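For any residue, its number in this note's numbering is found by taking its place in the sequence shown, counting from 1, and adding 355.
Cβ atoms here follow ideal geometry from the backbone N, Cα and C, with glycine treated the same way.
The structure displayed is predicted, hence computed values, not measured ones.
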Amino acid sequence: MFQNSLISCQNLFFHGILKNWQEHAFDPLRGFSYESMRHNWERNKVGRVRLLTQCRQLYTLSHASLSYSDCVNNSLLTPLFDFILAHFKQDQRWIFSLNDDLEKLDTKTDAYALAFVLLSFSHYFKATGDERALKEIKATHDFLQSNMRSEFGGFEECYPVDHSLVRRQNPHMHLLEGYLAAYKVTQELAYKAQIDKLLTLAHSVFFDPKTDTLREFFLEDWKVHLSEGHVIEPGHHFEWIWLLHEANKVCPSPANIEVANKLWSIAAKHGLSEKSGVFNQIHADSYATLDAGKRIWPITEYLKALCVIDLNRSEKLDRFEKALLFLKDHYLTTDGRWNEYLNENDLPKDFPLPGTTTYHIFLGLSEVINWSQTEFTK
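See below:
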């Protein structure tokens with residue numbers, strides 16, 4: 356049953372969603388990915404084209420091309436990379452977004468987006484051997500270190516620095532993901548050192564030992580935000596579980612696995628619905644459900660966490676099967692689309708298809724496929 360559910364989801368994504376996005380959501384002349392699509396595969400103009408979206412598409416296609424080459428149009432990769440360089444690298448730094456006419460819109464440099472520069476360029480280099488990507492990874496790292504480090508640890512939300520912004524764990528989580536990818540392809544010790552610093556920040560600031568939860572929102576000095584600090588996301592718990600296991604391969608420490616296990620204890624108990632959907636938000640202190648809606652990305656992070664968490668085999672397979680069935684029955688559609696949001700009753704909301712989501716679906720399924728190939732060939 357597990358294998359059947361996995362194969363169904365795999366086919367719906369690789370031969371449906373990924374195929375359709377490549378055919379309909381790339382500008383044929385300029386090589387960039389559209390920000391959003393309607394369900395009939397017409398472009399949904401939202402007034403901006405973000406660096407984040409372009410990098411997530413570059414990552415997905417680059418990574419997929421390495422293991423699922425028959426599902427990827429490799430001719431899309433370099434034009435997309437070139438578009439990113441030509442339009443988002445301005446004045447020696449990355450800008451946040453363009454408008455629909457591809458003119459500068461928001462010129463701040465966003466830490467969250469830089470994480471995906473690191474991630475996507477690392478996989479683009481692996482897929483193509485284009486050494487320009489390595490130079491840009493180093494330049495991005497240097498910019499982060501020179502211009503966006505916070506005196507309180509970690510990185511500022513953006514450059515120019517705006518101290519009024521709520522500080523978040525989320526950019527740091529993805530920076531850890533990006534630095535892991537960069538280190539794997541370069542073995543650059545400076546990247547490994549940054550991985551270690553981000554892990555220290557996660558253990559000392561983001562993880563709350565009183566509640567065994569991952570805090571999301573903070574003041575400038577990393578104190579929990581007064582009005583938003585109680586809001587936590589089970590999806591990010593699952594995402595960190597997988598990342599802590601990945602990071603432990605580079606910077607081993609018992610604390611990585613201890614924190615991952617504690618995050619699992621809360622998210623698996625309080626973040627899942629009876630049908631195996633993942634709630635958007637719960638309360639950090641009471642664990643009560645704050646938002647019973649279920650966006651698609653948290654269940655893909657749950658799948659990734661299941662690949663690494665230590666459970667007995669029967670429980671793990673049962674959880675995998677329920678989650679994959681939920682993904683297939685509620686999110687992935689037989690006509691090669693997906694439902695981005697479910698309401699509290701697990702009914703799909705009317706919402707367009709964001710260009711950032713294929714990253715989540717691809718990586719979640721890819722990790723399960725890799726796990727199953729290892730598990731069933733022992």
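Query: Where C606 falls: helix, strand or coil (DSSP); Result: coil
Query: Element boundaries [beta strand (DSSP E), containing K459]; Result: K459 to D461
Query: 7 Å Cβ shell around W652 - same chain, five flanking residues per side excluded; Result: G590, T712 and H715
Query: As assigned by DSSP and simplified to three states, the class of M392; Result: strand
Query: Continuous beta strand (DSSP E) stretch holding Q636: start and end; Result: Q636 to H638
Query: Cβ contact check for the region 530–543 and the region 580–588: 3 or more pairs under 8 Å; Result: no
Query: Proximity winner among L666, V401 and L431, relative to D455 (alpha-carbon distances); Result: V401
Query: Cβ shell of L367 (< 6 Å), same chain only, five flanking positions each side left out; Result: L687
Query: Cutoff 7 Å; reference M503; Cβ partners in own chain excluding five residues on either side; Result: A466, F510, E511 and Y514
Query: Those runs of the beta strand (DSSP E) which lie wholly inside the region 438–491 and span at least 3 residues; Result: 459–461
Query: Whole runs of the alpha helix (DSSP H) within the region 520–552, excluding any shorter than 4 residues; Result: 525–541
Query: Cβ-based neighbour list, A647, same chain, cut-off 6 Å, excluding 5 preceding and 5 following; Result: F634 and E699
Query: CA-to-CA distance, L666 to L432, given in whole angstroms; Result: 38 Å
Query: For R650 and F562, the rounded distance between their alpha carbons; Result: 23 Å
Query: Beta bridge counterpart(s) of I651 as assigned by DSSP; Result: None, per the DSSP bridge assignment.
Query: Segment limits, alpha helix (DSSP H) that includes L367; Result: F357 to L367
Query: Closest residue to P609 among L554, L581, W577 and T568 (Cα-Cα distance); Result: L554
Query: For F476 and E491, believed in contact at Cβ under 8 Å, the rounded distance; Result: 6 Å
Query: Separation of R385 from A622, as counted between CA atoms; Result: 42 Å
Query: Rounded C-alpha distance that separates M528 from W595; Result: 7 Å
Query: For K704 and D382, the rounded distance between their alpha carbons; Result: 27 Å
Query: Residue burial classification, G719 (beta-carbon count within 10 angstroms, cutoff 16); Result: buried
Query: Inter-residue spacing [alpha-carbon to alpha-carbon] between S505 and M392; Result: 37 Å
Query: Local Cβ density within 10 Å of L473, reported as buried at 16 or more and exposed below that; Result: buried
Query: Stretch-stretch touch, CB-based, cutoff 8 Å, three pairs: the region 433–440 with the region 396–414; Result: yes
Query: Residue nearest to F449 in terms of C-alpha spacing, selected from L421, Y414, S424 and D497; Result: Correcting the residue type first, residue 449 is Trp in the shown sequence and not Phe. Measuring from the Cα of W449, the nearest candidate turns out to be D497.
Query: heavy atom of the ligand FMN below 7 Å from A441 C-beta; Result: Although the ligand FMN was asked about, the structure shown includes no ligands whatsoever.
Query: As assigned by DSSP and simplified to three states, the class of F706; Result: coil
Query: Host beta strand (DSSP E) of T644 (start-end); Result: T644 to D646
Query: Helix, strand or coil at V586 according to DSSP, with G and I counted as helix; Result: strand
Query: One or two residues paired with F381 in a DSSP bridge; Result: S388
Query: Simplified DSSP state of D717, which is helix, strand or coil; Result: Note that residue 717 is Phe in the sequence shown here, rather than Asp. Residue state, collapsed to three classes: helix.
Query: Residue(s) in a DSSP beta bridge with L627; Result: V633
Query: Backbone secondary structure at F688 - three-state DSSP; Result: Sequence inspection shows Thr at residue 688; the Phe mentioned does not correspond to that position. Looking at T688 - three-state DSSP - the assignment turns out to be coil, as it is neither helix nor strand.
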